[in-house]
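First up is the structure itself, then whatever we jot down about it.
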Amino acid sequence: MDHLETGRYGEALAERFFRGKGWLILGQNIRVRGGELDLVAMDGPELVVVEVRTRSIGKVLPAEETVGPRKLKALVRSGRIYVEKCRWIGPWRIDFLGINLDAEGFPHFSHLPDITAGRIRS
44 MDHLETGRYG EALAERFFRG KGWLILGQNI RVRGGELDLV AMDGPELVVV
94 EVRTRSIGKV LPAEETVGPR KLKALVRSGR IYVEKCRWIG PWRIDFLGIN
144 LDAEGFPHFS HLPDITAGRI RS
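First residue of the sequence shown? That's 44 in the working numbering, and the numbers climb one at a time after it.
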C-alpha cells in the first residue's frame with residue numbers, strides 16, 4: 044500500500060472503530076479554511092474532532108508519536124473554525140486515533156481522548 048492508500052484505509056478503520064463505540068459520525072475529511080479535519084463525530088453530547096494517523100510496520104515512529112506542537116495548534120485552529128461555522132455551542136474536544144498496522148496488515152489502535160487537556164472548551 045502506498046501512503047495515500049494507507050491513509051484511506053486508516054480513515055475507514057477509524058470510522059468503524061468509533062461507530063463500534065456508539066459514536067455518531069458527522070463527517071470525514073472536512074475541509075475548513077487552512078486545514079482539514081479527518082473525522083468529526085458526536086460522543087454523547089460532546090462534539091469530537093479526531094486526528095487519525097495510520098502507520099505500517101517498519102516506520103521509524105509509531106502513529107501516536109507523530110503529532111507535534113505545530114500540528115496540534117493547526118488542529119485547534121481548524122476545530123474552532125468548524126465549531127464556529129456550525130454554530131456549535133456545546134462542549135467539544137480533539138482526540139487522536141493512532142493505527143499501527145502489523146506485518147499482516149492487522150490494525151492496532153491507540154485512542155487518546157482530549158489531547159488538548161481541556162484547554163479548548165467552549
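Each residue gets a CB set at the ideal place from its N, CA and C atoms; glycine is no exception. What you are looking at is a predicted structure, and each value in this text was computed from that prediction instead of being measured.
Give the single residue among the options whose Cα lies nearest to the Cα of residue i.
i      : options                          : result
His46  : Val93, Gly122, Arg123 and Arg98  : Arg98
Ile16  : Pro156, Ile158, Arg59 and Leu115 : Nothing can be reported for residue 16: it is not among the residues displayed for the chain, which extend from 44 to 165.
Gly70  : Asp81, Arg113 and Pro88          : Asp81
Phe61  : Arg51, Met85, Gly50 and Pro112   : Met85
Pro156 : Lys114, Val95 and Gly50          : Val95
Output the distance between the C-alpha atoms of residue i and residue j, rounded to the nearest integer angstrom.
i      : j      : result
Ser165 : Glu147 : Because Ser165 sits at a pLDDT of 49, beneath the cut-off of 50, its placement in the model cannot be relied upon, and the point is left open.
Val83  : Leu90  : 7 Å
Ile168 : Val126 : Residue 168 is absent from the model: the chain starts at 44 and stops at 165.
Pro134 : Phe149 : 34 Å
Glu79  : Asn72  : 6 Å
Asp145 : Ala57  : 16 Å
Gly87  : Gly65  : 8 Å
Lys128 : Thr49  : 30 Å
Arg113 : Gly63  : 31 Å
Please classify residue i as buried or exposed, where buried requires at least 16 other C-beta atoms within 10 Å of its C-beta.
i      : result
Gly53  : buried
Ala55  : exposed
Ala160 : exposed
Arg76  : exposed
Asn143 : buried
Phe152 : exposed
Leu140 : buried
Check the C-beta distance from residue i over to residue j and give it rounded, since I have them as a contact under 8 Å.
i      : j      : result
Val92  : Gly122 : 4 Å
Ile137 : Ile158 : 6 Å
Taking the DSSP output, what are the residues bridged to residue i?
i      : result
Asn72  : Asn72 is not bridged to any residue.
Trp135 : Leu90
Thr97  : Ile142
Val83  : Gly70 and Val92
Pro150 : Leu144
Gly78  : Val75
Leu155 : Phe139
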